[in-house]
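Have a look at the structure below before the remarks.
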Amino acid sequence: MLLALLSLAAMCRSVLPREPTVQCGSETGPSPEWMVQHTLTPGDLRYLQVELVKTGVATEDFSVLMNISWILRADASIRLLKATKICVTGKNNMQSYSCVRCNYTEAFQSQTRPSGGKWTFSYVGFPVELSTLYLIGAHNIPNANMNEDSPSLSVNFTSPGCLNHVMKYKRQCIEAGSLWDPNITACKKNEKTVEVNFTTNPLGNTYTVLIRRNVLLGISSVLENKLTRTSVAISVDEESEGAVVQLTPYLHTCGNDCIRREGTVVLCSETSAPFPPDNNRGMLGGWLPLLLVLLVATWVLAAGIYLTWRQGRSTKTSFPVTTVLLPPVKVLVVYPSEVCFHHTVCRFTDFLQNHCRSEVILEKWQKRKIAEMGPVQWLTSQRQAADKVVFLLASDIHTLCDSACGQDEGSTRENSQDLFPLAFNLFCSDFSSQTHLHKYLVVCLGGANIKGDYDALSVCPQYHLMKDATAFHTDLLKVTQNVSMKKRSKACQGSCSPL
Ligand SMILES: *[C@@H]1O[C@H](CO)[C@@H](O)[C@H](O)[C@H]1NC(C)=O
Ligand SMILES: *[C@@H]1O[C@H](CO)[C@@H](O)[C@H](O)[C@H]1NC(C)=O
Ligand SMILES: *[C@@H]1O[C@H](CO)[C@@H](O)[C@H](O)[C@H]1NC(C)=O
Ligand SMILES: *[C@@H]1O[C@H](CO)[C@@H](O)[C@H](O)[C@H]1NC(C)=O
Ligand SMILES: *[C@@H]1O[C@H](CO)[C@@H](O)[C@H](O)[C@H]1NC(C)=O
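Quick note on numbering: numbering that gives the first Met the number 0 labels position 41 of the sequence shown as 40, and the sequence is numbered without any gaps.
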């Protein structure tokens, strides 16, 4: 009996049409169906979605692809459906466009699967680049006639960056340190100190650790060339609990462009419970003395502040109020026009602003002013205004300049004038005077060196980043103090003797 049933079932299966599957191949041009008039066409798709998948067993030839899946609409027009075409446009530095056509291996006999579910298919392909916007559109074939609207469904998909659990295996991410787990822990030791622990990376020897909320609270550099768990104490100006810890590694494989990591400052465990919970006493009984002490302390503090303020007013009218935060260092950056702006100048600017408490002056950001004043006048006034002038030399062979930097895309390199030779010739006379020389720095990126026409720059202090990051950082800040002191004395002289 059972045997008879089984064989009947087998017979039925062989009579039933096979379920359609897809066979996909590239078809970037128009489909042949475009050339033919169709009186009836299938409807559109019901649903389209994109996921990331990684392929390749060996880490070496590993790539990230899209898994595009779609669901067909369960209506009568499904009988006309022959294929689905999917096109993907990638918008990054360069635009990419490609399409695949997925043919259904059988004609559809029913609006839903024999098992009852909707018809669902997927295609794995289209390599995914980092942090790129993809526009994915799909339409059914035969498509509508030439002049009619073809029903299609589209979704946008933005691929994640290197810290995503799939993307981190891309080679460029691995080189930028994506597989390194620094396991950052940070805690507030006291009002003035944050302790940060992290695991170093054997591929690097310099790290910058900074604590910030909206402003920079503290910064420190760590030098360590072995794999170890390291600990650094950072002094902070303000309340640090809940602030962000940012760790920037400088690895051999990525130099200036390594992935930054973040953590959060919590209270250190020994200070987080200074008063062990007291269960036997009444709440008020325990807190009353403390409240009294706080009240008295507040009163004393208020009185103190008032007195200081009165005294301050009577003796010095222009005492600076911000005693904690030093003013930013004004840095004029000049670079030869062949240096890739977005990739190199922006990153360096970012480094100065985020790590060196600097306010950067760039030709690129003051085009209108330069046009109004003329380049010579502009350079002269900026030399006056700046605390430091950096000649940035880079040996970048990056043909690919990325577009980030918060500046408009319109101002590309063709209308960028080369102020470097002009600045060099204009400021050159300062190099012979010790009093002016302190203002100039040469920063070399990516193994660049002073050469040819600009030999005279060799007298200025030179820093090879990120190797000399710590020295550069210290010198920049040390010099500010000198400069502000000099400024004051100069202003004083000016008032006594005409210059
Ligand atoms: C799909 O069908 C079209 C038209 O019949 C044919 O030109 C194309 O080669 C087929 N593609 C694949 C991947 O089978
Ligand atoms: C692609 O996505 C579909 C739908 O989510 C899923 O069924 C399929 O297993 C995925 N394919 C791969 C290779 O991950
Ligand atoms: C996808 O992105 C493009 C370009 O940013 C935009 O014009 C379009 O409206 C977006 N489409 C969807 C479905 O979000
Ligand atoms: C991170 O560090 C903490 C403290 O040292 C340790 O307890 C934890 O296991 C570490 N986590 C990982 C993933 O290494
Ligand atoms: C850092 O490491 C030291 C020594 O191992 C440890 O005493 C301290 O609690 C750690 N601090 C944090 C914030 O993990």
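Even for Gly, the Cβ is constructed at its ideal location relative to N, Cα and C. Since this is a predicted model, take the numbers as computed values, not measurements.
Alpha carbon of residue i to alpha carbon of residue j, nearest angstrom
i           : j           : result
residue 236 : residue 151 : 57 Å
residue 63  : residue 469 : 37 Å
residue 49  : residue 441 : 48 Å
residue 259 : residue 78  : 54 Å
residue 41  : residue 354 : 59 Å
residue 192 : residue 93  : 46 Å
residue 118 : residue 61  : 31 Å
residue 180 : residue 101 : 41 Å
residue 112 : residue 36  : 30 Å
residue 33  : residue 183 : 58 Å
residue 423 : residue 327 : 25 Å
residue 73  : residue 55  : 36 Å
residue 351 : residue 383 : 19 Å
residue 455 : residue 349 : 28 Å
residue 130 : residue 263 : 25 Å
residue 345 : residue 194 : 31 Å
residue 209 : residue 230 : 13 Å
residue 107 : residue 52  : 29 Å
residue 142 : residue 159 : 33 Å
residue 472 : residue 421 : 27 Å
residue 356 : residue 134 : 40 Å
residue 103 : residue 22  : 7 Å
residue 27  : residue 47  : 20 Å
residue 185 : residue 232 : 10 Å
residue 43  : residue 30  : 17 Å
residue 453 : residue 99  : 54 Å
residue 203 : residue 371 : 46 Å
residue 392 : residue 332 : 10 Å
residue 84  : residue 38  : 20 Å
residue 374 : residue 426 : 13 Å
residue 307 : residue 268 : With a pLDDT of only 47 at residue 307, under 50, the local geometry of the prediction cannot be trusted, and the value read off the model is given with reservation. When rounded, the distance between both Cα atoms is 36 Å.
residue 17  : residue 197 : 58 Å
residue 19  : residue 70  : 13 Å
residue 450 : residue 457 : 9 Å
residue 394 : residue 189 : 44 Å
residue 109 : residue 175 : 51 Å
residue 431 : residue 459 : 10 Å
residue 362 : residue 447 : 21 Å
residue 156 : residue 97  : 15 Å
residue 205 : residue 242 : 23 Å
residue 445 : residue 330 : 21 Å
Beta-ladder partner(s) of residue i, from DSSP
i           : result
residue 232 : 194
residue 124 : 65
residue 390 : 333 and 441
residue 102 : 22 and 82
residue 95  : 89
residue 423 : Paired residue(s): none; residue 423 is not in a bridge.
residue 138 : 84 and 151
residue 156 : 133
residue 476 : Its beta-bridge partners do not exist; DSSP assigns none.
residue 53  : 63
residue 46  : 70
residue 463 : 443
residue 215 : 211
residue 119 : 70
residue 328 : 357
beta-carbon residue i near ligand 7 non-hydrogen atom, thresh 6 Å
i           : result
residue 182 : No copy of ligand 7 appears in this structure; the ligands present are ligand 1, ligand 2, ligand 3, ligand 4 and ligand 5.
Are the region 246 to 253 and the region 428 to 436 in contact at 8 Å, needing three or more beta carbon pairs? Between the region 246 to 253 and the region 428 to 436 there are fewer than three inter-stretch CB-CB distances shorter than 8 Å, so the stretches are not counted as touching.
Assess, as a yes-or-no matter, whether the region 81 to 88 is touched by the region 162 to 178 under the definition of 3 or more beta carbon pairs within less than 8 Å. No: the two stretches stay apart, fewer than three of their Cβ pairs being nearer than 8 Å.
Is the region 64 to 78 in contact with the region 120 to 133, if contact means three or more CB pairs nearer than 8 Å? Contact between the region 64 to 78 and the region 120 to 133 is present, with at least three C-beta pairs closer than 8 Å.
Does the count of Cβ pairs from the region 365 to 372 and the region 334 to 346 closer than 8 Å reach three? Contact between the region 365 to 372 and the region 334 to 346 is absent, with fewer than three C-beta pairs closer than 8 Å.
Mind listing which residues have their beta carbon within less than 6 Å of any non-hydrogen atom of ligand 5? Chain order is fine. Residues whose Cβ lies closer than 6 Å to any heavy atom of ligand 5, listed in chain order: 184, 185, 186, 194, 196 and 230.
So, does the region 383 to 394 touch the region 249 to 256, judging by three or more C-beta pairs under 8 Å? No, the region 383 to 394 is not in contact with the region 249 to 256.
Enumerated in chain order, which unbroken segments of the beta strand (DSSP E) with a length of 3 residues or greater are wholly contained in the region 218 to 267? Complete beta strand (DSSP E) runs here, min 3: 228 to 234, 243 to 250 and 260 to 266.
Which residues end up in the neighbourhood of ligand 2 when you take C-beta atoms closer than 6 Å to any of its heavy atoms? The filter returns 50, 52, 66, 68, 121 and 123, in chain order.
Which runs of the beta strand (DSSP E) at least 3 residues long sit entirely within the region 163 to 209? Give them in chain order. Within the region 163 to 209, the complete beta strand (DSSP E) runs of at least 3 residues fall at 184 to 189 and 192 to 198.
Fully enclosed by the region 336 to 377, which beta strand (DSSP E) runs are 3 residues long or longer? 357 to 361, all fully within the region 336 to 377.
Among all residues, which have a Cβ less than 7 Å from at least one non-hydrogen atom of ligand 3, and in what chain order do they fall? Sorted by chain position, residues whose beta-carbon lies closer than 7 Å to a non-hydrogen atom of ligand 3 are 132, 134, 153, 154 and 155.
Listed in chain order, which residues are found with a beta carbon closer than 5 Å to a heavy atom of ligand 1? These are the residues, in chain order, with a beta carbon less than 5 Å from any non-hydrogen atom of ligand 1: 22, 24 and 102.
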